[in-house]
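Numbered continuously in the numbering used here, the sequence shown closes out at residue 326. Quick notes on the structure that follows.
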Amino acid sequence: MTDLIIIGVGLALCCCYSCGPAWPEGHGDRAGKYGRHLPQLGCIPTKALLRSSEIANLLNHAGDFGFEIKGFSFDLKKIVERSRKVANQLSTGVKFLMKKNKIEVVDGTPSCSVRVKIEVTAKMVRNRTHGQEYHHRYRRTRTCAARAGARCKLVWTYREAMVPETMPKSLLVVGSGAIGIEFASFYRTLGVEVTVVEVMDRILPVEDEEVSGLR
């Protein structure tokens, strides 16, 4: 008998350490990736990208620090690979915490057949268990831009922007929230012409006004 079953490996993992088994959902290459959006598709890999662009910015201003660098280039593939490596490293750390706290993890795609029964299908093996309670976070629906991106290579969501195969000549970022500004900063530092569109009267509208005024 299981007291608590948690479907998904996102923020719900925060309550796993003291209260029972976790059942992460698996979808394609994300199966077995712990922490879901934060370490895999959110702030962790984007910060790794920003670190690379920060180094590029330092090289561009090396003269201010007394160094003379006549020219340098960057390898976009290696920048992306490092970002994914950092994300996977953190995900592995979360997996270790699951094991350390004796939390049972079942990789697969869950489905609810009855109110208190959850089935997980993985590699043609169906496991069943019963639980008194389960928590489920509904997946956010992807925006119209995401649906358009499936048909048009000129439209990116954050997923495509995080793992670019080639650098675009120009980029229009819709929305100046934290994620939009992070991508704008990364691509602009590496030489892309970037335009940010924001409906509010300032960028980073949910942050302090002093932050919005920084350039």
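Ideal placement from N, C-alpha and C gives every residue a C-beta, glycine not left out. Computed from a predicted model, the values in this text were never measured in an experiment.
Less than 8 Å between the beta carbons of A217 and P275, yes or no? Reading the sequence as shown, one finds Val at residue 217 and not Ala. With respect to P275, V217 sits apart: the two C-beta atoms are not nearer than 8 Å.
L315 to G174, Cα distance in whole Å? 31 Å
Have a look at F178 and T300 and give me their C-alpha separation to the nearest angstrom. 19 Å
Given this structure, state the Cα-to-Cα distance separating V307 from V284, to the nearest angstrom. Going by the C-alpha atoms only, they are around 5 Å apart.
Where L115 falls: helix, strand or coil (DSSP): coil
Contact check, P156 vs V197, beta carbons under 8 Å: yes
I need the straight-line Cα distance from L201 to K158, nearest angstrom please. 13 Å
Closest residue to K344 among V310, N171, G153, K188 (Cα-Cα distance): What the structure shows of the chain is the stretch from 112 to 326, and residue 344 is not part of that stretch, so it cannot be assessed.
Enumerated in chain order, which unbroken segments of the beta strand (DSSP E) with a length of 3 residues or greater are wholly contained in the region 140 to 206? none
Buried or exposed for E293, please, with buried defined as at least 16 other CB atoms from any protein chain shown within 10 angstroms of its CB. buried
Which residues in the same chain have their Cβ closer than 6 Å to the Cβ of Y249, if we skip the five residues on either side of it in sequence? Low confidence applies to Y249: its pLDDT is 38, below 50, so where it sits in the model is not reliable, and the reading given next is rough at best. The answer is none, since no qualifying residue turns up.
In this structure, how does DSSP classify E309 when only helix, strand and coil are distinguished? In the structure shown, E309 falls within a coil segment according to DSSP collapsed to helix, strand and coil.
Helix, strand or coil for T300, going by three-state DSSP, please let me know. In the structure shown, T300 sits in a helix (DSSP, three-state: H, G or I).
Contacting residues, own chain, Cβ-Cβ under 8 Å from R193 (five flanking each side not counted): A159, S163
According to DSSP, is T252 part of a helix, a strand, or is it coil? In this prediction, T252 has a pLDDT of 41, which is less than 50 and means its spatial position is unreliable; what the coordinates show is noted afterwards. In the structure shown, T252 sits in coil (DSSP, three-state: anything other than H, G, I, E or B).
Going by C-alpha distance, which of I116, I214, K280, W267 is nearest V305? K280
In the DSSP assignment, what are the bridge partners of L208? Answer by DSSP bridge pairing: none, since L208 is not bridged.
DSSP three-state assignment for V322, whether helix, strand or coil: helix
The alpha helix (DSSP H) with M273 in it runs from where to where? 269 to 273
If I'm right that G288 touches V317 with Cβ under 8 Å, what's the distance once you round it to whole angstroms? 7 Å
Answer with buried or exposed for S296, where buried requires no fewer than 16 other C-beta atoms within 10 angstroms of its C-beta. buried
Suppose the cutoff is 6 Å on Cβ atoms and the five residues either side in sequence are ignored; what does the same chain contact list for N168 look like? A distance below 6 Å between beta-carbons, with the five flanking residues on each side excluded, links N168 to the following residues of its chain, in chain order: T300.
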